[in-house]
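Engineer:
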Amino acid sequence: MTRDEFAAALDVSRETLEKLRLFQQLVGSWQPRVNLVGRATLPDIWRRHFLDSAQLFEFLAPGDETVVDLGSGAGLPGLVLALLAEERLWPTRFHLVEADTRKAAFLVEARRALSLGERVSVHAVRAESLAVGPLAGAASVVTARALAPLATLCGLAAPLLRTDGRCVLPKGARHEAEIAGAREAGWRFALETRASRTEEGAAILVLRDLARDSRGGI
C-alpha cells in the first residue's frame, strides 16, 4: 500500500498524511539501532502498520478523555490514533507505555517531531506498574497491539479502565482461541468482534464490562 492508497482508504488531511510520512522516515532511521518493527514489514508500512493502527480509530469517540496504549513499541497504534484525534480536534490524551528504554526514547523523539506536545505522554515503565498510580481507573480506552495473549491483556487493562471504559485490541487469526482462553482464566466481558481490514482471519476485539470472576478461572 502506498501513501496515496492509504489516503484513499481513510479520510485524512494532507497535513496528517505528511506527518505520517515523517513518522515513516523516523521509523526507518531508527530501525537499524532499535528493532521497532519487523524488518520485512518496512516496505509495506502504510498497510501493515499505519492502516492496521488507524482502523482502530472508529472504535474511539470524541468524549474519550484518556487512551492508554500498552506495549506501544514504535507508537503503533498510539501515535497513529493521536494524529487522527489531533486532526479532528478531539481533546483526547494518549499515554504510550513502553518498558524498553530505547523504544521509549524513540517515542519521545516521535512525539516531538510530530508536534503532538501534551496530547501524548510516554511512560518508560512496565504495564503492570500502572495498576497503582494516576492512570489507575482513568482510561476510557486501553489499546495494545501484538503485546500478549488476551487473558494477560485483560489483567493489565482491568486496573486502568474506568467503569464505562473498554479495550480495543487487534488480534490475529487465533483470536477465537484467545477469547476462550481469557474466559477460561475467569475473565468476563461483553464482546464486539470486527473483521480486520489488513489481515485475513484477524479481528478487532472490543471488550466492555471487563471483570474477573473470582469463582472461576485460574
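Residue numbers for the sequence shown follow the numbering used here, so the first one is 9 and each next one is one higher.
Note that beta-carbon positions come from the ideal geometry of N, C-alpha and C, so glycine has one too.
Values in this document were obtained by computation on a predicted structure and should not be read as measured data.
(1) Would you kindly work out how many angstroms separate the C-alpha atoms of L161 and L64, rounded to a whole number?
(2) Could you tell me the alpha carbon to alpha carbon distance between V35 and R41, rounded to whole angstroms?
(3) Which complete beta strand (DSSP E) runs does the region 176 to 205 hold, if anything under 3 residues is left out?
(4) Considering Cα atoms alone, identify which of D19, E186, T201 is closest to E95.
(5) Where are the alpha helix (DSSP H) runs, 4 residues long or more, that stay fully inside the region 93 to 164, in chain order?
(6) V105 and S123: beta carbons closer than 7 Å?
(7) Apply the 10 Å Cβ neighbour rule to S61 and answer buried if 16 or more other Cβ atoms are within range, or exposed otherwise.
(8) Identify the residues that DSSP records as bridge partners of D77: which are they?
(9) Check whether the region 200 to 209 touches the region 146 to 162, taking contact to mean three or more Cβ pairs, one atom from each stretch, closer than 8 Å.
(10) Note down the Cα distance separating L155 from R22, rounded to an integer number of angstroms.
(11) Excluding the 5 residues flanking E186 on each side, which residues of the same chain have their C-beta closer than 7 Å to its C-beta?
(12) Suppose the cutoff is 7 Å on Cβ atoms and the five residues either side in sequence are ignored; what does the same chain contact list for R134 look like?
(13) Note the first and the last residue of the continuous beta strand (DSSP E) segment covering A15.
(14) When you compare the region 74 to 92 with the region 110 to 122, are there three or more beta-carbon pairs, one atom per stretch, that lie closer than 8 Å?
Structural biologist: According to the structure data:
(1) Here residue 161 corresponds to residue number 153 of the sequence shown, with the count starting at 1. Here residue 64 corresponds to residue number 56 of the sequence shown, with the count starting at 1. So the alpha carbons of these two residues sit roughly 17 Å apart.
(2) Position 27 of the sequence shown, counted from the first residue, corresponds to residue 35. Position 33 of the sequence shown, counted from the first residue, corresponds to residue 41. Cα to Cα, V35 sits roughly 10 Å from R41.
(3) 195 to 203
(4) For the purposes of this step, residue 95 is taken as residue 87 along the sequence shown, with counting starting at 1. It is D19.
(5) 109 to 121
(6) Sequence index remark: in the sequence shown, residue 105 carries index 97 (1-based). Sequence index remark: in the sequence shown, residue 123 carries index 115 (1-based). Their beta carbons are not under 7 Å apart, which means V105 does not touch S123 by this criterion.
(7) Looking up residue 61 in the sequence shown gives position 53. Looking at its Cβ environment, which holds 16 or more other Cβ atoms inside 10 Å, S61 is buried.
(8) Along the sequence shown, one-based indexing puts residue 77 at 69. Answer is L104, T151, bridged to D77.
(9) no
(10) For this step, residue 155 is matched to residue 147 along the sequence shown. For this step, residue 22 is matched to residue 14 along the sequence shown. Roughly 31 Å separates the two Cα atoms.
(11) The residue labelled residue 186 in the question sits at position 178 within the sequence shown. Counting only Cβ-Cβ distances below 7 Å, and skipping sequence neighbours, we find P157, L158, K179.
(12) As a first step, residue 134 is located in the sequence shown; it is residue number 126 there, counting from the start. Closer than 7 Å at the Cβ level, and outside the excluded window around R134, lie A107.
(13) Here residue 15 refers to the residue found at position 7 of the sequence shown. Run containing A15: none in the beta strand (DSSP E); it sits in the alpha helix (DSSP H), 11 to 17.
(14) yes
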